[in-house]
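What follows is a short report on a single structure.
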Amino acid sequence: MQLAKEVKYLIHKEVLLEWRSKYTINGVLLYVVSTIFTCYLSFVSLGDKLTWNALFWIIMLFASINGVSKSFLQETKGQQLYSYILASPAAVLISKMVYNVLLMLVLTTLALGFYILVFGTYNDTDLLMYYLAIILGAISFSTVFTMVSAIASKAGNGGMLMAILSFPIIIPVLILLIRLAKNAVDGLQWDTSYDEISMLVAVNVVTVATALLLFPYLWRE
Amino acid sequence: MSKTWWKVLGAILVLYSTVGGLLIGVPRLAILNETIRNLYFHVPMWFAMITLFSISVFYSIMFLLKGEDSYDTKAVESVNVGVVFSILGLITGSFWAKFTWGQFWSFDVKQNFSAIAILLYFAYLILRNAIDEEQKRAKISAIYNIFAFPMMVVLIMVLPRLSDSLHPGNGGNPGFNSYDLDSRMRAVLYPAFIGWSIIGFWIYTIRFRIRSIETIANTPDYGEVKGVRDRFVTNENQSTTNENKQQHN
Chain A
246 MQLAKEVKYL IHKEVLLEWR SKYTINGVLL YVVSTIFTCY LSFVSLGDKL
296 TWNALFWIIM LFASINGVSK SFLQETKGQQ LYSYILASPA AVLISKMVYN
346 VLLMLVLTTL ALGFYILVFG TYNDTDLLMY YLAIILGAIS FSTVFTMVSA
396 IASKAGNGGM LMAILSFPII IPVLILLIRL AKNAVDGLQW DTSYDEISML
446 VAVNVVTVAT ALLLFPYLWR E
Chain B
16 MSKTWWKVLG AILVLYSTVG GLLIGVPRLA ILNETIRNLY FHVPMWFAMI
66 TLFSISVFYS IMFLLKGEDS YDTKAVESVN VGVVFSILGL ITGSFWAKFT
116 WGQFWSFDVK QNFSAIAILL YFAYLILRNA IDEEQKRAKI SAIYNIFAFP
166 MMVVLIMVLP RLSDSLHPGN GGNPGFNSYD LDSRMRAVLY PAFIGWSIIG
216 FWIYTIRFRI RSIETIANTP DYGEVKGVRD RFVTNENQST TNENKQQHN
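In the order they appear, the protein sequences are chains A and B.
Just so you know, the first sequence maps onto residues 246 to 466 in the working numbering.
Just so you know, the second sequence maps onto residues 16 to 264 in the working numbering.
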């Protein structure tokens, strides 16, 4: 009960901070929009569905690395010490993860809207299933990158370590996501994708569980 | 002698599987022909790698619980040896692929995912280089090691099964289990698994002892800093020094 209270309070704090400055959300949104526009100027039109799908996920990968890695890397040592005194490590981690999931959901939804506006969609695309893939993607990117950004921030030099540490970990998730999204673009039946969906859920459960077990050791310093 | 029997066992098993793997009869199959013997050298490399990475995760967990330096040394040395075995696994697989699939590297899912799994452990080693402070380095790298291990398992064992692959046992291709039913192959393969794992473990213990001696040598005035040396002296050495003392008495 104490944990739920702390998590609620911390999420409120994160959202409030973001709402006052609107730095992360506007920054990443501008990043996504300008990347999509640059892609549009260089590709003009995307020939096939495979490229359409892959390009979207590559843009999302870099956008979410930029967005989520801020969660721990941006905080000063004083801020970290302050939340260390006030809340339990589990509450800090859960609140960051939930906040990042919310942030990524907003961002990816807007990004998909703009992407479709620029590049259009295909007739047989199952948009509902594509949106499910995006929701799962937002959740998995947030959980993995939150933990890795915590590791990178404790290790000192953030930016490069973040990329080196997170890419090998995110690749299996990304491959599953791209496969699920491709099924959606091709308009396949839902039951062909149950494997991918259940694997993604399982990977997320494992990630969150190990992160919750390990984070207290990392947080204590 | 009681402590060397497993080393002898490992050496004998590897020797047996090498000689037996080249001489004992194998089923005659199209395309594969004699390359089926690569099974005895390729698969045990991955088996030894998984063994060593599991040891590494075990000692990373132990480090987080107990906080002793020697556990960190054990974790990183087993990763070092495991990475060597994984590279050997990739090389033996590539040579086999050259003769059966036609190319050393045909961007098969199994090949790609194994390469990414190795990247994961290179990232672990780079993370260690990035941190100067020893206790901090040990703790953060232990956390990353444990966090990355489930992903490595997903990459190597789960994902290839979900997609089409040329590799035996995946994507509708029959696994080798259906070939070695005549049990001649099993009689070589299983000893090879155990033998190579033991050899990998042996190399790791030697690496650990070299690193421990280096640590002791680099610690200034270790005689005066109480406890630093004791952490790296294994039980084996302690018992022998006790025996020496008793003999002197």
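Each residue gets a CB set at the ideal place from its N, CA and C atoms; glycine is no exception.
Could you check if residue i is buried or exposed, using at least 16 other CB atoms within 10 Å of its CB as the buried criterion?
i: residue 348 of chain A; result: buried
i: residue 148 of chain B; result: exposed
i: residue 126 of chain B; result: buried
i: residue 295 of chain A; result: exposed
i: residue 123 of chain B; result: buried
i: residue 282 of chain A; result: exposed
i: residue 450 of chain A; result: exposed
i: residue 250 of chain A; result: exposed
i: residue 228 of chain B; result: exposed
i: residue 375 of chain A; result: buried
i: residue 315 of chain A; result: buried
i: residue 18 of chain B; result: exposed
i: residue 233 of chain B; result: exposed
i: residue 471 of chain A; result: With chain A covering only 246 through 466, there is no way to say anything about residue 471 of chain A.
Among the candidates the options, whose CA atom is the shortest distance from the CA of residue i?
i: residue 154 of chain B; options: B/115, B/227, B/79; result: B/79
i: residue 306 of chain A; options: A/248, A/292, A/320, A/353; result: A/353
i: residue 223 of chain B; options: B/88, B/62, B/57; result: B/88
i: residue 337 of chain A; options: A/455, A/254, A/423; result: A/254
i: residue 351 of chain A; options: A/401, A/271, A/262, A/465; result: A/271
i: residue 420 of chain A; options: A/385, A/317, A/342, A/251; result: A/385
i: residue 72 of chain B; options: B/209, B/159, B/172; result: B/159
i: residue 96 of chain B; options: B/214, B/231, B/232, B/229; result: B/214
i: residue 433 of chain A; options: A/373, A/319, A/346, A/459; result: A/373
i: residue 454 of chain A; options: B/169, B/165, B/175, B/109; result: B/165
i: residue 339 of chain A; options: A/389, A/267, A/291; result: A/389
i: residue 411 of chain A; options: B/150, B/183, B/138; result: B/138
i: residue 415 of chain A; options: A/430, A/442, A/452, A/438; result: A/452
i: residue 202 of chain B; options: B/231, B/232, B/32, B/129; result: B/32
i: residue 346 of chain A; options: A/399, A/409, A/380; result: A/380
i: residue 274 of chain B; options: B/110, B/234, B/94; result: Here chain B has residues from 16 to 264 only, and residue 274 of chain B is not among them.
i: residue 52 of chain B; options: B/85, B/118, B/107, B/133; result: B/107
i: residue 370 of chain A; options: A/293, A/310, A/398; result: A/293
i: residue 128 of chain B; options: A/267, A/261, A/417, A/285; result: A/417
i: residue 252 of chain A; options: A/265, A/332, A/364, A/322; result: A/332
i: residue 327 of chain A; options: A/413, A/445, A/258; result: A/258
i: residue 341 of chain A; options: A/428, A/320, A/279, A/278; result: A/320
i: residue 27 of chain B; options: B/83, B/208, B/76, B/44; result: B/208
Quick check on DSSP: helix, strand or coil for residue i?
i: residue 401 of chain A; result: coil
i: residue 422 of chain A; result: helix
i: residue 220 of chain B; result: helix
i: residue 89 of chain B; result: helix
i: residue 166 of chain B; result: helix
i: residue 279 of chain A; result: helix
i: residue 118 of chain B; result: coil
i: residue 289 of chain A; result: coil
i: residue 200 of chain B; result: helix
i: residue 179 of chain B; result: coil
i: residue 309 of chain A; result: helix
i: residue 195 of chain B; result: Because the pLDDT at residue 195 of chain B is just 49, under 50, the model does not fix this residue reliably, and the value given afterwards should be weighed accordingly. Three-state result, residue 195 of chain B: helix.
i: residue 259 of chain A; result: helix
i: residue 8 of chain B; result: Given that chain B is displayed from residue 16 to residue 264, the structure contains no residue 8 of chain B and the question cannot be resolved.
i: residue 29 of chain B; result: helix
i: residue 303 of chain A; result: helix
i: residue 265 of chain A; result: helix
i: residue 251 of chain A; result: helix
i: residue 371 of chain A; result: coil
i: residue 82 of chain B; result: coil
i: residue 69 of chain B; result: helix
Taking a contact to mean a Cβ-Cβ separation below 8 Å, would you say residue i touches residue j in this structure?
i: residue 29 of chain B; j: residue 217 of chain B; result: no
i: residue 219 of chain B; j: residue 67 of chain B; result: yes
i: residue 162 of chain B; j: residue 392 of chain A; result: yes
i: residue 360 of chain A; j: residue 317 of chain A; result: no
i: residue 41 of chain B; j: residue 200 of chain B; result: yes
i: residue 170 of chain B; j: residue 131 of chain B; result: yes
i: residue 308 of chain A; j: residue 276 of chain A; result: yes
i: residue 174 of chain B; j: residue 121 of chain B; result: no
i: residue 425 of chain A; j: residue 443 of chain A; result: no
i: residue 313 of chain A; j: residue 398 of chain A; result: no
i: residue 145 of chain B; j: residue 408 of chain A; result: no
Am I right that residue i and residue j are in contact with their C-beta atoms under 8 Å? What's the rounded C-beta distance?
i: residue 54 of chain B; j: residue 204 of chain B; result: 6 Å
i: residue 334 of chain A; j: residue 464 of chain A; result: 4 Å
i: residue 74 of chain B; j: residue 63 of chain B; result: Actually they do not touch by this definition, with Cβ atoms about 17 Å apart.
i: residue 115 of chain B; j: residue 38 of chain B; result: About 21 Å; that fails the 8 Å criterion.
i: residue 382 of chain A; j: residue 422 of chain A; result: 5 Å
Any beta-carbon of chain D closer than 8 Å to the one on residue i?
i: residue 399 of chain A; result: As a matter of chain content, chain D is missing from the structure shown, whose protein chains are A and B.
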